[in-house]
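Worksheet: one structure, shown below.
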Amino acid sequence: MANLQVSLGKIQFSNPILTASGTFGTGEEFSPFLDLNHLGGIVTKAVTREPRAGNPHPRIAETSAGMLNSIGLANVGVDRFIAEKLPFLKGLKCRVIVNVAGKTIDEFAEVIRRIESAGGMDGYEINVSCPNVKEGGMAFGTNPDVTAEITKKARQVTDKFLTVKLTPNVTSITEIAIAAENNGADALTVINTLVGMAVDIRSRKPKLATITGGLSGPAIKPVALAKVFQVAGAVKIPVIASGGIMNVKDVIEFLITGASAVQIGTANFVNPKISEKLVDDLDSYCEEHQINSIEEIIGTLKLND
Amino acid sequence: MANLQVSLGKIQFSNPILTASGTFGTGEEFSPFLDLNHLGGIVTKAVTREPRAGNPHPRIAETSAGMLNSIGLANVGVDRFIAEKLPFLKGLKCRVIVNVAGKTIDEFAEVIRRIESAGGMDGYEINVSCPNVKEGGMAFGTNPDVTAEITKKARQVTDKFLTVKLTPNVTSITEIAIAAENNGADALTVINTLVGMAVDIRSRKPKLATITGGLSGPAIKPVALAKVFQVAGAVKIPVIASGGIMNVKDVIEFLITGASAVQIGTANFVNPKISEKLVDDLDSYCEEHQINSIEEIIGTLKLND
Amino acid sequence: MRANTDTTIRLATGKILAAFSVTEDIKKIRISHRQTAECALPGQFINIKTSDSLFPLLRRPFSINRTNPAQGWFEILFRVVGAGTNALAQLKIDSDIDFVGPLGNSFSLPDKSQNSVLVAGGLGIAPLEFLAQKLTEEKLSAHLFWGNQSSEAFSYQKQFSRLNLKTFFATDDGSLGFRGNVVTLLERELAALKDENICIYACGPNPMLRALQNFAAAKNLTCQVSLETMMACGFGACMGCNVEKADGSGYFYVCQDGPVFDIKEIRIYG
Amino acid sequence: MRANTDTTIRLATGKILAAFSVTEDIKKIRISHRQTAECALPGQFINIKTSDSLFPLLRRPFSINRTNPAQGWFEILFRVVGAGTNALAQLKIDSDIDFVGPLGNSFSLPDKSQNSVLVAGGLGIAPLEFLAQKLTEEKLSAHLFWGNQSSEAFSYQKQFSRLNLKTFFATDDGSLGFRGNVVTLLERELAALKDENICIYACGPNPMLRALQNFAAAKNLTCQVSLETMMACGFGACMGCNVEKADGSGYFYVCQDGPVFDIKEIRIYG
Ligand SMILES: Cc1cc2nc3c(=O)[nH]c(=O)nc-3n(C[C@H](O)[C@H](O)[C@H](O)COP(=O)(O)OP(=O)(O)OC[C@H]3O[C@@H](n4cnc5c(N)ncnc54)[C@H](O)[C@@H]3O)c2cc1C
Ligand SMILES: Cc1cc2nc3c(=O)[nH]c(=O)nc-3n(C[C@H](O)[C@H](O)[C@H](O)COP(=O)(O)OP(=O)(O)OC[C@H]3O[C@@H](n4cnc5c(N)ncnc54)[C@H](O)[C@@H]3O)c2cc1C
Ligand SMILES: Cc1cc2nc3c(=O)[nH]c(=O)nc-3n(C[C@H](O)[C@H](O)[C@H](O)COP(=O)(O)O)c2cc1C
Ligand SMILES: Cc1cc2nc3c(=O)[nH]c(=O)nc-3n(C[C@H](O)[C@H](O)[C@H](O)COP(=O)(O)O)c2cc1C
Ligand code: FES
Ligand code: FES
Chain F
1 MANLQVSLGK IQFSNPILTA SGTFGTGEEF SPFLDLNHLG GIVTKAVTRE
51 PRAGNPHPRI AETSAGMLNS IGLANVGVDR FIAEKLPFLK GLKCRVIVNV
101 AGKTIDEFAE VIRRIESAGG MDGYEINVSC PNVKEGGMAF GTNPDVTAEI
151 TKKARQVTDK FLTVKLTPNV TSITEIAIAA ENNGADALTV INTLVGMAVD
201 IRSRKPKLAT ITGGLSGPAI KPVALAKVFQ VAGAVKIPVI ASGGIMNVKD
251 VIEFLITGAS AVQIGTANFV NPKISEKLVD DLDSYCEEHQ INSIEEIIGT
301 LKLND
Chain P
306 MANLQVSLGK IQFSNPILTA SGTFGTGEEF SPFLDLNHLG GIVTKAVTRE
356 PRAGNPHPRI AETSAGMLNS IGLANVGVDR FIAEKLPFLK GLKCRVIVNV
406 AGKTIDEFAE VIRRIESAGG MDGYEINVSC PNVKEGGMAF GTNPDVTAEI
456 TKKARQVTDK FLTVKLTPNV TSITEIAIAA ENNGADALTV INTLVGMAVD
506 IRSRKPKLAT ITGGLSGPAI KPVALAKVFQ VAGAVKIPVI ASGGIMNVKD
556 VIEFLITGAS AVQIGTANFV NPKISEKLVD DLDSYCEEHQ INSIEEIIGT
606 LKLND
Chain H
611 MRANTDTTIR LATGKILAAF SVTEDIKKIR ISHRQTAECA LPGQFINIKT
661 SDSLFPLLRR PFSINRTNPA QGWFEILFRV VGAGTNALAQ LKIDSDIDFV
711 GPLGNSFSLP DKSQNSVLVA GGLGIAPLEF LAQKLTEEKL SAHLFWGNQS
761 SEAFSYQKQF SRLNLKTFFA TDDGSLGFRG NVVTLLEREL AALKDENICI
811 YACGPNPMLR ALQNFAAAKN LTCQVSLETM MACGFGACMG CNVEKADGSG
861 YFYVCQDGPV FDIKEIRIYG
Chain Y
881 MRANTDTTIR LATGKILAAF SVTEDIKKIR ISHRQTAECA LPGQFINIKT
931 SDSLFPLLRR PFSINRTNPA QGWFEILFRV VGAGTNALAQ LKIDSDIDFV
981 GPLGNSFSLP DKSQNSVLVA GGLGIAPLEF LAQKLTEEKL SAHLFWGNQS
1031 SEAFSYQKQF SRLNLKTFFA TDDGSLGFRG NVVTLLEREL AALKDENICI
1081 YACGPNPMLR ALQNFAAAKN LTCQVSLETM MACGFGACMG CNVEKADGSG
1131 YFYVCQDGPV FDIKEIRIYG
């Protein structure tokens, strides 16, 4: 057994394999398939102050090596989250990070505050990068000042681990990254989905009711790697990678490029056991390559001959 | 035979199938495979004032349903282009658009001016979106003021058809699109490649010598469609689509979404006959669906039930 | 609808025992997997990884069409339309097949006094055949109304001989049975049935389901319907498979709240 | 290097006549295509679409390994390493194979006075076997030095019996022939050859080619080398296959200026 533990500043994960928000429910949905406690951590589906029904049907479409979604942050709202989901999540031994979204700048901190009063979780992921909502979401995450303010207000209500999830749909992701770092983020999650679209040529309608949606899956892995490379080079806080990770080679690619942990998203739909399998595969990879601690390979990209 | 002719303002193409810059050489390379005159048009590899050797090896890598390239505008320079390539291109009956790049704002107009003095071609595509060069390229195309100035200067040296090729690597592509439109562009080409990266985990080196490169192929089609949708809704001039087009269904998707013509890129490497085949397939599609003129379907996306 | 009481959803590997061509583009695959054969209920489905590669990326859902618990296999019935079904059609006998299931809720069986009427449009026959199998096992008879674009798929009717079914066929072109759509046929024949205590079970394309919804509302008939939507996960995690509640109060999720719904409770999309 | 005089590059469809396993992961495929069999030259390659799907997306280049113009077929030899070669290995006899070719320049044959020395590392044998076939047809003899990681691939040596070759083997572990790398073996044996008028033809991994480059420079020997790089198009359109010129003045393109180069003219990468 290699040492798979990774330390992201104030928080440690037993291994770098987390699950990505919105692709793993609150974990419970995956209990039939795997032992959640083997994972490094779970990131929950986005929680907002009010319950949200989400966007109209149809919400998903498949593309080449990818998928589009326009779920639109459907969730039961923070109060029911606390009542119905928190007890289960508190029983887990793996890390649990709550993904938090909001329509207004203040809503993010408010959601965190309520969860904190209910005992809190291991950390929070600030989702300023959802492309599927009209108010808030990506509109916040493309603006460094707004990102800064949301981060600062969230920082005021919790001492827990705080990661800000960045959108790739910007001219300069490093500018947003630095705004989050300077305002108290402990880490950055890179990246959320790319804005994409598909058309059904028979009906001549967009395949999503919202016209455009968020592109995820292996198709976006090269973009995610480039963004992780750029962000890791621009900030001092750790980076958590998300985007197209399907197998252990992908995990290693992101770690080498500078990510301290990774999130498994779309792959959970393709193989609901994949996140746990990746922990095992990572261990085997380390054994095979005589890597004692997974931290040895983080950020080891070789740039010159 | 359906009428495949499309009119893009001051220029008409016998059909909407063009080839994308950098994926079709100067056309001559594809003569063994197809009759160039059957195409709507050819867009040449980028031409710069000085010859350019391009970037170091390795320059290409494959990704899931996509490829990365960092060619870096390798070309013989405008003078040799005029001496060696123009005579062949002038002999063609299809439209020929010259893709033009530059390190400085003035270089674009200078390249066009020299080609115009040599008799000119049917039109020019201003490449302010190449992610693979340190100077110019995407740095220009992410800035609306610079895009505006380059377009304006190009407009001063030619009355021919002028399309500005936009990068998707921006927060607001419509802002750049409008800058080009307001300064004399006759059309917009949407999109150039996305910035992406890949890592060889054995050597721990980036798969491209330049670390990041441009992502193309079916993986990016959803992003291209979303950008075409956004740009077509924001400007009055026609849009030429580029990004992940592999088959006739893809062509139809882009036309419905609002493109007046399309460019075939990476697909030329997969099947060197594909561009000509798409002209035939488009004709068959129209016959089957009782479409008399291909212009009938442009921009017919249905947004409400 | 009956809630799924057997909570054991599995990521399973079955083996392909046999593959049949019903017509040129309609195929049937027999999959050996004892637990699924034993515990699956009519209306439930499985979510199949049709290819090892990234193309297609997502699983594809298929209704359980028939089970043989004694021999430990079940079957699915599908039409070859795109990448996923093409890949499925190419799988060879004896090869492994990777699926998640059984998923979703199931049809509520009628009580003994009720008369079951099954209404299928095209491949909508898939889950209804499994229901007919259960009804036959319970010594209940049923009427099947099956509509298709042409008579082609009806070579399939010999499959029904083992079931306790009275069949009525409709084709768009009248090449077999009634000429016109299956709901019109149902309307006509139902008068003859002279029996108000009926329970309709339906599966088919949305235009058919909408017609049925209107008909059932007008006649005040109970109707359970199995729906299809795009799905990513199949087990309630992605929130991708929403259908609008009839009262406009939000959404059901087809993979979890369905695929079987009371036709009164849902809005049926174009 | 000989420039390609037959300019007829084709997008062609061949048929797979036979498939052999040389070792567990080294395969040979025989492809029926008369024009290619007749006009291909040693050193040339074809660019194969290994799968109908988008995975892998790009074609994969393979050297022509052997031709039989009389019977209208040629062969390729490959190691199963990734998506493309896996797909190739699964192609069935009689199925179609879609390729572009023949591509690239070719080895310049020696003049009658020259002694040919072929130096292969691993699958670098692929184009050199075709060269040996031509030399044999021209009634010229040659020496072959073949290095491999282990003795496994040498089961292949019976293939050489039809060729006019004197063979020298090297393995990393000494399990067959010389223990060590093939360039060291060449160095040792060349002294014995006592013949300065030799012409080296080489193909193999870059570390081997670099060693050979140094050796050839030191001894002032002429050496033609066949290079491999990533390729997209294979015929000079994408500019993706560059290698640096030795004098630093720019790049050659392997698919067009090569794959065969004078070893003095190129920089060999890590
Ligand atoms: C709960 C559930 C149960 C299902 N049970 C069955 C079943 O038993 N048998 C079966 O054949 N299918 C069934 N389906 C539908 C089945 O999943 C789709 O037919 C399948 O996803 C098509 O996949 P594909 O990859 O071949 O086509 P895709 O590549 O996904 O689609 C190709 C083309 O076919 C169209 N298309 C997609 N689905 C259908 C369809 N159902 N009919 C006609 N055109 C379509 C698409 O719009 C697209 O244009 C079920 C779906 C659900 C949600
Ligand atoms: C002109 C030319 C001629 C060639 N002739 C032959 C030939 O005759 N026989 C042959 O087997 N190959 C030949 N190759 C190389 C062949 O094209 C590659 O082996 C093939 O592209 C691998 O494709 P893949 O999809 O299976 O692997 P990929 O999925 O592309 O790669 C999988 C893994 O294998 C590694 N890899 C890629 N290529 C090689 C390699 N050559 N050796 C070891 N590891 C590799 C990659 O780095 C990657 O990690 C030739 C290449 C060129 C340019
Ligand atoms: C169906 C779906 C729902 C998602 N919902 C959320 C969400 O609620 N909050 C969030 O921050 N990201 C959400 N995402 C983005 C993922 O967490 C992840 O960042 C993205 O999908 C890229 O990773 P992948 O390619 O591995 O899927 C969602 C993605 C998908 C596919
Ligand atoms: C190898 C390669 C070279 C390219 N060179 C250029 C170029 O010189 N100028 C340019 O404007 N675009 C260039 N592009 C971008 C393409 O023209 C096209 O916009 C892009 O590849 C997206 O389309 P595709 O997905 O169909 O390939 C290049 C793309 C590739 C793959
Ligand atoms: S398919 Fe994922 S929630 Fe229903
Ligand atoms: S492979 Fe395209 S130029 Fe050589």
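Chains as they are written, first to last, in the numbering used here: chain F, 1 to 305; chain P, 306 to 610; chain H, 611 to 880; chain Y, 881 to 1150.
Every residue gets a Cβ at the ideal spot worked out from N, C-alpha and C, and that includes glycine.
Small disclaimer: the values here were computed from a predicted structure and weren't measured.
Query                                                                                                                  : Result
Boundaries of the beta strand (DSSP E) in which P:I545 is found, first to last residue                                 : V544 to S547
Near ligand 3: P:S369 beta-carbon under 7 Å from a heavy atom                                                          : no
Beta strand (DSSP E) runs contained entirely in the stretch 629-664 of chain H, provided each spans 3 or more residues : 636-642 and 655-659
Exposed unless 16 or more other CB atoms sit within 10 angstroms - verdict on Y:K1099                                  : exposed
Closer than 8 Å to chain A by CB, H:F778                                                                               : In summary, chain A is missing from the structure at hand, where the protein chains are F, P, H and Y.
Proximal residues to Y:Y1036 (C-beta, below 7 Å), its chain only, five neighbours per side dropped                     : V902
Any C-beta of chain F under 8 Å from that of P:A485                                                                    : no
Span of the alpha helix (DSSP H) around F:K311                                                                         : Lying outside 1 to 305, the shown extent of chain F, residue 311 of chain F is not represented and no answer is given.
Test: H:F825 CB closer than 8 Å to a CB of chain F                                                                     : no
Beta-bridge partners of H:P671, as assigned by DSSP                                                                    : H:N657
Among F:F24, F:G244, F:A46 and F:F33, nearest to F:G102 - alpha-carbon criterion                                       : F:A46
Buried or exposed by the 16-neighbour rule on C-beta atoms within 10 Å, applied to Y:A1023                             : The displayed chain sequence assigns His, not Ala, to residue 1023 of chain Y. That one is buried.
Own chain, CB closer than 8 Å to Y:A1126, minus 5 neighbours either side, in chain order                               : K1144, E1145, I1146 and R1147
Short CB-CB distance (under 8 Å) between P:T517 and chain Y                                                            : no
Proximal residues to F:Q290 (C-beta, below 7 Å), its chain only, five neighbours per side dropped                      : none
Residues proximal to ligand 1 by C-beta, any heavy atom closer than 5 Å                                                : H:F655, H:R670, H:P671, H:F672, H:S673, H:F688, H:R689, H:V691, H:G692, H:A693, H:G694, H:T695, H:L733, H:A736, H:E838 and H:P869
Y:M1088: CB within 7 Å of a non-hydrogen atom of ligand 2                                                              : no
Within chain H, the residues that Y:S1030 reaches when beta carbons sit closer than 7 Å                                : Residues of chain H passing the Cβ test: none, with the nearest at roughly 29 Å.
Interface partners of H:K744 on chain F, CB under 8 Å                                                                  : Within chain F, no residue comes near H:K744; the closest Cβ sits about 25 Å away, beyond 8 Å.
Environment of H:Q883 [buried if 16+ CB atoms lie within 10 Å]                                                         : Residue coverage of chain H in this structure runs from 611 to 880, which leaves residue 883 of chain H outside it and unanswerable.
Assigned exposure category for Y:N1077 - 16 Cβ within 10 Å defines buried                                              : exposed
Rounded Cβ spacing between Y:S996 and Y:L1020 (contact assumed at less than 8 Å)                                       : 6 Å
Own chain residues within Cβ distance below 8 Å of F:I240, not counting five before or after                           : L8, L18, T163, A187, L188, T189, V190, A259, S260, A261, V262 and Q263
Residues of the stretch 541-552 of chain P with Cβ closer than 9 Å to any Cβ of chain F, in chain order                : G549 and M551
Test item: CB-CB of H:G714 and H:F655 under 8 Å                                                                        : yes
Reference P:E440, options P:S598, P:G377, P:F318 and P:K554, closest by Cα                                             : P:G377
Of the listed residues P:H343, P:A366 and P:K526, nearest to Y:A1112 (C-alpha basis)                                   : P:A366
Contact set for H:T746: own chain, Cβ-Cβ below 6 Å, skip 5 residues either direction                                   : L773 and N774
Beta strand (DSSP E) segment containing F:G214, residue limits                                                         : T212 to S216
Coarse secondary structure for P:A366, derived from DSSP in three states                                               : strand
Option nearest Y:C919 by Cα separation, candidates Y:S931, Y:R890 and Y:A898                                           : Y:R890
For Y:Q1104 and Y:F987, believed in contact at Cβ under 8 Å, the rounded distance                                      : 6 Å
The beta strand (DSSP E) enclosing H:T832, as first and last residue numbers                                           : T832 to S836
Any non-hydrogen atom of ligand 6 closer than 7 Å to P:G522 Cβ                                                         : no
Inside the stretch 166-201 of chain F only - beta strand (DSSP E) runs reaching at least 3 residues                    : 187-190 and 194-197
Own chain, CB closer than 6 Å to H:A826, minus 5 neighbours either side, in chain order                                : C833 and I873
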